[in-house]
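Notes follow once the structure below has been shown.
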Amino acid sequence: MATRAVNAYSDTPAWFPPHLQAGPMRRRFWGVFNCLCAGAFGALAAASAKLAFSSEVHVGFRALGIAMMATTNSLMWTFFSRGLSFSMSSAVASVTVTFSNILSSALLGFLLYGECQEALWWGGVFLILCGLILTHSSLLPTQKALAHKQQ
60 MATRAVNAYS DTPAWFPPHL QAGPMRRRFW GVFNCLCAGA FGALAAASAK LAFSSEVHVG
120 FRALGIAMMA TTNSLMWTFF SRGLSFSMSS AVASVTVTFS NILSSALLGF LLYGECQEAL
180 WWGGVFLILC GLILTHSSLL PTQKALAHKQ Q
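This note's numbering numbers the first residue of the sequence shown as 60 and each following residue consecutively.
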């Protein structure tokens with residue numbers, strides 16, 4: 060059974076352990092995980108840019124902010140591309156990254172700058188979450204999708 064699942068996803072990187080290579084649900088998990096990480100790193104990149112380009116910041120903190128912005132931005136793109144390779148659809152990956160980025164930005168804004176979001180903003184986040192749930196539930200991995208992915 061495990062060899063059949065590995066063969067169904069022959070594009071899985073060889074450096075992954077065998078127990079992480081098998082099965083569509085594991086691929087879905089790693090796709091969502093990588094997209095959530097990409098959104099969080101994107102929010103960190105934005106917070107670093109806000110720190111780096113603020114007018115009241117010392118030059119040393121400005122250089123640290125620019126270096127951190129470049130690093131977290133690179134990590135964001137790395138995790139996003141990995142999330143795309145594991146996801147069944149690029150739309151699902153994009154919405155997952157957007158949702159993670161919005162929530163991470165809200166959390167970082169509150170922790171670092173004391174920003175609070177309005178109820179309408181949270182309503183929009185809820186609608187994005189509903190859309191994300193719909194896209195994830197409509198694209199459950201099936202044998203038909205596996206056969207299509209092999210071609």
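Just so you know, even glycine gets a beta-carbon here, dropped at the ideal spot from N, CA and C.
Can the beta-carbon of M128 be found closer than 9 Å to that of A99? Between M128 and A99, the C-beta spacing is not below 9 Å.
Alpha carbon to alpha carbon, what distance is there between F88 and T194? Their Cα atoms are separated by approximately 15 Å.
Any idea if L95 is buried or exposed, counting beta-carbon neighbours within 10 angstroms, 16 or more meaning buried? L95 comes out buried.
Check whether the Cβ atoms of L123 and A106 lie closer than 9 Å to each other. Pairing L123 with A106 gives a Cβ-Cβ distance that is not under 9 Å.
Between F138 and R86, how many whole angstroms is the CB-CB distance? I'm expecting something under 8 Å. Actually they are not in contact, since the Cβ atoms of F138 and R86 sit about 15 Å apart, beyond 8 Å.
Can you find the residues in the same chain that come closer than 7 Å, C-beta to C-beta, to S114, ignoring five residues on each side of it along the sequence? Excluding sequence neighbours, S114 sits near nothing in its chain.
Thinking C-beta only, is A102 closer than 9 Å to W136? Contact flag unset, no.
Taking the alpha helix (DSSP H) that F145 falls in, what are its first and last residues? Unbroken alpha helix (DSSP H) run through F145: 118 to 145.
For the putative contact between V91 and T155, defined by C-beta atoms under 8 Å, what is the C-beta separation to the nearest angstrom? The pair is a contact, with the Cβ atoms about 6 Å apart (cut-off 8 Å).
Length of the line joining the Cα atoms of G190 and M147: Cα to Cα, the separation comes out at about 16 Å.
When the Cα of K109 is compared with those of Y172, I187, L186, which residue comes out closest? Among Y172, I187, L186, the Cα nearest to that of K109 is on Y172.
Which value, in whole angstroms, describes the spacing of the CA atoms of S159 and P83? If you take the alpha carbons of S159 and P83, they lie about 22 Å apart.
Going straight from the alpha carbon of F120 to that of S196, what length do you get? Rounded to whole angstroms, F120 to S196 spans 44 Å at the Cα level.
Taking DSSP as the reference, what is the three-state secondary structure of G101? Here G101 sits in helix by DSSP.
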